[in-house]
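Colleague: Read in this note's numbering, the sequence shown has 3 at position 1, and its numbers run on one by one without any break. Backbone N, C-alpha and C fix where the C-beta goes; we use that ideal spot for every residue, glycine too.
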Amino acid sequence: MLIDDLNNVKKGDQMNEHVLKCFTESEKQMAYQMNLIEIEGKRGTVPVLLTSEMIDLMKFILKFRTENKINPENVHFFPGALDSLKAIRGDAVLRKYTLQAGLKEFMSTTMLLLNLQRK
3 MLIDDLNNVK KGDQMNEHVL KCFTESEKQM AYQMNLIEIE GKRGTVPVLL TSEMIDLMKF
63 ILKFRTENKI NPENVHFFPG ALDSLKAIRG DAVLRKYTLQ AGLKEFMSTT MLLLNLQRK
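1) Using DSSP with H/G/I as helix, E/B as strand and the rest coil, what is residue 100?
2) According to DSSP, is residue 87 helix, strand or coil?
3) Would residue 52 and residue 37 be called neighbours here (beta carbons separated by less than 7 Å)?
4) Taking the straight line between their C-alpha atoms, what separation do you get for residue 89 and residue 55?
5) Quick one: measure Cβ to Cβ for residue 4 and residue 77, integer angstroms, because I've assumed they're closer than 8 Å.
6) Just the Cα atoms here: how many angstroms apart are residue 93 and residue 82?
7) Let me know the secondary structure DSSP gives residue 72 once reduced to three states.
8) Alpha carbon to alpha carbon, what distance is there between residue 86 and residue 44?
9) In its own chain, which residues sit with a C-beta less than 7 Å from the C-beta of residue 75, not counting the 5 before and 5 after it?
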């Protein structure tokens with residue numbers, strides 16, 4: 003997710019009809035009450051629904067980038083190492099905490115989490 007994505011927040015009633023077609027009826031109801039950010043994924047644009055409070059908190063977090071010595075040229079909301087221009091790798095974070103939790107099968111755990119999210 004890029005920092006600029008936070009500048010392109012759409013309210014529920016401003017959503018693209020193409021995005022709304024992808025949602026179930028309950029997701030559409032929720033979408034009209036929330037904010038939409040569209041981020042670039044591996045297979046195109048991915049809609050992310052966030053509450054107004056979440057957006058405010060994310061903007062609040064951005065204020066601390068400079069004092070925490072995040073490279074100002076890094077455009078990612080979740081920056082990698084301090085001097086890096088890359089984003090944090092989600093799979094590396096999952097692997098780290100899976101191992102810390104004492105789980106042996108990283109991929110099995112990851113697939114289980116993904117399958118639970120789909121249900």
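Modeller: Straight from the coordinates:
1) Here the question's residue 100 lines up with position 98 in the sequence shown. Residue 100: helix per DSSP, three-state reduction.
2) Within the sequence shown, residue 87 is the residue found at index 85, counting from 1. Residue state for residue 87 is assigned as coil, using DSSP reduced to three classes.
3) Here residue 52 refers to the residue found at position 50 of the sequence shown. Here residue 37 refers to the residue found at position 35 of the sequence shown. For residue 52 and residue 37, yes; Cβs fall inside 7 Å.
4) In the sequence shown, counting from the first residue as 1, residue 89 sits at position 87. In the sequence shown, counting from the first residue as 1, residue 55 sits at position 53. Their Cα atoms are separated by approximately 24 Å.
5) Walking along the sequence shown from the start, residue 4 turns up at place 2. Walking along the sequence shown from the start, residue 77 turns up at place 75. For residue 4 against residue 77, the beta-carbon gap comes to about 5 Å, under 8 Å, which counts as contact.
6) Counting from one through the sequence shown, the residue named residue 93 turns up at place 91. Counting from one through the sequence shown, the residue named residue 82 turns up at place 80. CA-CA distance, residue 93 to residue 82, rounds to 13 Å.
7) Counting from one through the sequence shown, the residue named residue 72 turns up at place 70. The three-state secondary structure of residue 72, taken from DSSP, is coil.
8) The sequence position of residue 44 within the sequence shown is 42, counting from 1. The sequence position of residue 86 within the sequence shown is 84, counting from 1. Near 21 Å, if we compare the C-alpha coordinates of residue 86 and residue 44.
9) Residue numbering aside, residue 75 sits at position 73 when the sequence shown is read from its first letter. If we look at residue 75 and ignore the five residues flanking it on each side, its Cβ neighbours are 87.
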